[in-house]
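Some notes on the structure that comes next.
2 protein chains.
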Amino acid sequence: MTIASEHPDLHARNLPAAIAALRAGGLRVSAARRAVLEALFAAEGPATAEELASGLDGRLPVSDLASMYRNLETLEELGLVRHVHFGHGAGRYVLSAASGCGYVACHRCGAFTELDDATVAALRDGIEHTGFVARFTHFPVVGLCPDCVPGT
Amino acid sequence: MTIASEHPDLHARNLPAAIAALRAGGLRVSAARRAVLEALFAAEGPATAEELASGLDGRLPVSDLASMYRNLETLEELGLVRHVHFGHGAGRYVLSAASGCGYVACHRCGAFTELDDATVAALRDGIEHTGFVARFTHFPVVGLCPDCVPGT
DNA sequence: ATACTTGCAAATGATTTGCCAGTGT
DNA sequence: ACACTGGCAAATCATTTGCAAGTAT
Numbered sequence: 000m001t002i003a004s005e006h007p008d009l010h011a012r013n014l015p016a017a018i019a020a021l022r023a024g025g026l027r028v029s030a031a032r033r034a035v036l037e038a039l040f041a042a043e044g045p046a047t048a049e050e051l052a053s054g055l056d057g058r059l060p061v062s063d064l065a066s067m068y069r070n071l072e073t074l075e076e077l078g079l080v081r082h083v084h085f086g087h088g089a090g091r092y093v094l095s096a097a098s099g100c101g102y103v104a105c106h107r108c109g110a111f112t113e114l115d116d117a118t119v120a121a122l123r124d125g126i127e128h129t130g131f132v133a134r135f136t137h138f139p140v141v142g143l144c145p146d147c148v149p150g151t
Numbered sequence: 000m001t002i003a004s005e006h007p008d009l010h011a012r013n014l015p016a017a018i019a020a021l022r023a024g025g026l027r028v029s030a031a032r033r034a035v036l037e038a039l040f041a042a043e044g045p046a047t048a049e050e051l052a053s054g055l056d057g058r059l060p061v062s063d064l065a066s067m068y069r070n071l072e073t074l075e076e077l078g079l080v081r082h083v084h085f086g087h088g089a090g091r092y093v094l095s096a097a098s099g100c101g102y103v104a105c106h107r108c109g110a111f112t113e114l115d116d117a118t119v120a121a122l123r124d125g126i127e128h129t130g131f132v133a134r135f136t137h138f139p140v141v142g143l144c145p146d147c148v149p150g151t
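These protein sequence lines map, in sequence, to chains A and B. Counting from 0, one number per residue, gives the positions in the first sequence under numbering that gives the first Met the number 0. Counting from 0, one number per residue, gives the positions in the second sequence under numbering that gives the first Met the number 0.
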């Protein structure tokens with residue numbers, strides 16, 4: 000976990016922009032890297048390294064998970080990508096441009112939703128007095144979703 | 000991850016009470032089980048399976064991590080114990096009686112603090128409109144602690 | 001040409017499982 | 001006695017690392 004420059008959060012809105020960001024970051028634009036970005040843009044939400052690598056579309060230049068992880072990490076350092084942990088199990092990666100600033104996840108069924116800015120702000124204020132500055136992008140708020148709440 | 004009876008939360012305040020709870024739960028009181036409980040009561044806060052097994056006090060009847068995990072899981076099902084994840088790395092186990100209802104953890108230095116009931120209630124209210132019922136016991140609120148907040 | 005990347009294999013860390021011997025009740 | 005447990009080895013899962021061969025610039 001490199002301290003890195005605390006994620007610049009590039010927010011590239013499309014492939015070309017992301018590729019440009021890669022170049023701007025002094026990184027090489029390889030087929031694998033391009034494929035990882037394509038997979039991320041094609042994904043519907045936070046996806047695991049494995050989902051990105053194998054499923055998603057079929058022809059994938061990134062046959063190896065190690066490369067997948069390496070590239071995701073690189074992109075994360077650049078600020079284009081970030082990853083979230085919904086409960087136990089594999090982490091999930093998203094384009095930072097495609098994700099809001101927070102999530103709530105159900106620890107029982109795995110469902111998750113994005114939180115709007117106002118909600119995140121409210122939560123942040125709620126723990127402000129502890130001196131902590133909360134982020135809900137890497138570890139979401141966890142609890143039970145409507146369907147899993149008992150007595151309902 | 001057994002659905003189990005959603006953790007009764009026994010809150011045994013001392014070893015004898017915990018042992019009684021074990022018996023009441025139809026479980027056997029073995030030397031290993033007793034040792035795990037002792038380690039938990041001796042711990043100062045959420046501890047990893049490894050810390051509980053090896054460090055803590057020296058003479059440990061539980062020489063094997065597999066047993067440690069098995070027992071922790073059993074105790075968790077009983078409701079005596081629960082575990083929390085502070086960032087990446089090993090999970091940490093605590094007696095449910097010795098822990099509040101929520102935590103905030105720093106994703107950079109690993110520091111963590113318990114949240115008081117009022118704060119947890121406030122946070123819960125903050126995401127109420129999403130239909131989710133938040134719990135901060137298994138996955139804490141994550142962010143930066145005072146010492147790691149940048150511009151300070 | 002050369003430094004950055006990839007793929008493959010093997011290593012890690014955390015946790016789980018199979019299995020048989022041991023022991024609480 | 002007998003079902004529940006413990007220890008040990010081996011298996012899993014997610015992720016990382018070492019390295020030699022490949023490639024973007």
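Where is the CB? At the ideal position from N, CA and C, for every residue including glycine.
**Study point:** C-alpha gap between C144(A) and H106(A), whole angstroms
**Key:** The residue given as residue 144(A) occupies position 145 in the first sequence. The residue given as residue 106(A) occupies position 107 in the first sequence. Between C144(A) and H106(A), the C-alpha separation is close to 8 Å.
Practice item. With a 10 Å radius around its C-beta and 16 neighbouring C-beta atoms as the bar for buried, classify E21(B) as buried or exposed. Key: In the second sequence, counting from the first residue as 1, residue 21(B) sits at position 22. The sequence given here has Leu at residue 21(B), not Glu. The residue is buried, with at least 16 neighbouring Cβ atoms inside 10 Å.
Review point. Taking all protein chains shown into account, do 16 or more other C-beta atoms lie within 10 angstroms of the C-beta of L64(A), making it buried, or fewer, making it exposed?
Key: Start at 1 with the first residue of the first sequence, and residue 64(A) comes out as number 65. Classification for L64(A): exposed.
Practice item. Tell me, please, which residues DSSP counts as bridged to G142(A). Key: Position 143 of the first sequence, counted from the start, is the residue given in the question as residue 142(A). C105(A), A133(B).
Check your understanding: Taking Cβ-Cβ distances shorter than 7 Å, what residues in chain A pair up with G142(B)?
Key -> Taking the first residue of the second sequence as position 1, residue 142(B) is located at position 143. Under a criterion of Cβ atoms nearer than 7 Å, the residues of chain A adjacent to G142(B) are, in order, F131, V132, A133, R134.
Review point. So with Cβ pairs under 9 Å, would you call G57(A) a contact of chain B?
Key: Taking the first residue of the first sequence as 1, we reach residue 57(A) at position 58. Because G57(A) carries a pLDDT of 48, less than 50, the predicted location of this residue cannot be relied on, and no value is offered for it.
Review point. Quick one: is P145(A) near chain B, going by C-beta distance under 9 Å?
Key: The residue you call residue 145(A) lines up with position 146 of the first sequence. It does: the Cβ of P145(A) has a partner Cβ on chain B nearer than 9 Å.
**Study point:** Interface flag, H10(A) vs chain B, CB-CB below 9 Å
**Key:** Start at 1 with the first residue of the first sequence, and residue 10(A) comes out as number 11. Not one beta carbon of chain B lies nearer than 9 Å to the beta carbon of H10(A).
Check your understanding: Name the chain A residues whose beta carbon is nearer than 9 Å to that of V35(B)?
Key -> By one-based count along the second sequence, residue 35(B) stands at place 36. None at all; the shortest Cβ gap to chain A is about 21 Å.
Check your understanding: Taking the alpha helix (DSSP H) that T73(B) falls in, what are its first and last residues?
Key -> The residue given as residue 73(B) occupies position 74 in the second sequence. Where T73(B) is concerned, the enclosing alpha helix (DSSP H) stretches over 64-77.
Exercise for review: Return yes when the Cβ of A133(B) is within less than 9 Å of the Cβ of R123(B), no when it is not.
Suggested key: Here residue 123(B) refers to the residue found at position 124 when the second sequence is read from its first residue. Here residue 133(B) refers to the residue found at position 134 when the second sequence is read from its first residue. It is a contact, given that the beta carbons lie within the stated cut-off.
Review point. Would you call the CB atoms of P139(A) and H84(A) closer than 9 Å?
Key: Here residue 139(A) corresponds to residue number 140 of the first sequence, with the count starting at 1. Here residue 84(A) corresponds to residue number 85 of the first sequence, with the count starting at 1. Contact flag set, yes.
Review point. By the criterion of Cβ-Cβ separation under 9 Å, what are the contact partners of V148(A) in chain B?
Key: Numbered from 1 along the first sequence, position 149 holds the residue referred to as residue 148(A). Those within 9 Å of V148(A) in chain B are G130, F131, V132.
Point to revise | Option in E50(A), V103(A), H128(A), R32(A) with minimal Cα separation from E75(A) | key: Along the first sequence, one-based indexing puts residue 75(A) at 76. The shortest C-alpha separation from E75(A) is found at R32(A).
Exercise for review: If I'm right that L94(B) touches L39(B) with Cβ under 8 Å, what's the distance once you round it to whole angstroms?
Suggested key: Taking the second sequence and counting its residues from 1, one reaches residue 94(B) at position 95. Taking the second sequence and counting its residues from 1, one reaches residue 39(B) at position 40. Contact flag correct, Cβ pair sits at about 5 Å.
Point to revise | Where G125(B) meets chain A, residues with beta-carbon distance less than 8 Å | key: Numbered from 1 along the second sequence, position 126 holds the residue referred to as residue 125(B). Per Cβ cutoff of 8 Å: T118, A121, L122, G125.
Point to revise | Range covered by the beta strand (DSSP E) that runs through E113(B) | key: Here residue 113(B) refers to the residue found at position 114 of the second sequence. Element bounds for E113(B): 111-113.
Practice item. Using three-state DSSP, classify A46(B) as helix, strand or coil. Key: As a working mapping, residue 46(B) is identified with position 47 in the second sequence. A46(B): strand per DSSP, three-state reduction.
Exercise for review: Would you identify the three-state DSSP class for V28(B), choosing helix, strand or coil?
Suggested key: Here residue 28(B) refers to the residue found at position 29 of the second sequence. Three-state result, V28(B): coil.
Review point. At a CB-CB cut-off below 9 Å, which residues of chain A make contact with C105(B)?
Key: Position 106 of the second sequence, counting from 1, holds the residue named residue 105(B). Correct list: F131.
Review point. How about V80(B) and C100(B): do their beta carbons lie closer than 9 Å?
Key: Here residue 80(B) corresponds to residue number 81 of the second sequence, with the count starting at 1. Here residue 100(B) corresponds to residue number 101 of the second sequence, with the count starting at 1. No. Outside cutoff.
Exercise for review: With DSSP as the reference, label R22(A) as helix, strand or coil.
Suggested key: Here residue 22(A) refers to the residue found at position 23 of the first sequence. Helix at R22(A).
Point to revise | Counted within 10 angstroms of its Cβ, other Cβ atoms place E127(A) as buried (16 or more) or exposed | key: What you label residue 127(A) is simply residue 128 of the first sequence in a count that begins at 1. When all chains shown are included, E127(A) counts as exposed.
Check your understanding: Who are the neighbours of T112(A) on chain B, taking C-beta pairs under 9 Å?
Key -> If you number the first sequence from 1, residue 112(A) lands on position 113. Going along chain B in sequence order, the residues near T112(A) (Cβ under 9 Å) are T129, G130, F131.
Exercise for review: Identify the contact partners of H137(B) in chain A, using a Cβ-Cβ distance below 7 Å as the criterion.
Suggested key: If you number the second sequence from 1, residue 137(B) lands on position 138. Neighbours of H137(B) on chain A, chain order: H106, V141.
Review point. Helix, strand or coil for R123(A) per DSSP?
Key: If you number the first sequence from 1, residue 123(A) lands on position 124. If DSSP states are grouped into helix, strand and coil, R123(A) belongs with the helices.
Exercise for review: Just mark G78(B) as buried or exposed, buried being the case when its beta carbon has 16 or more other beta carbons within 10 Å.
Suggested key: Residue mapping note: residue 78(B) aligns to position 79 of the second sequence, counting from 1. With 16 or more other Cβ atoms from the protein chains shown falling within 10 Å of its own Cβ, G78(B) counts as buried.
Review point. Considering R12(B), what are the terminal residues of the beta strand (DSSP E) in which it resides?
Key: Working through the second sequence from its first residue, we reach residue 12(B) at position 13. Run containing R12(B): none; DSSP gives neither H nor E here.
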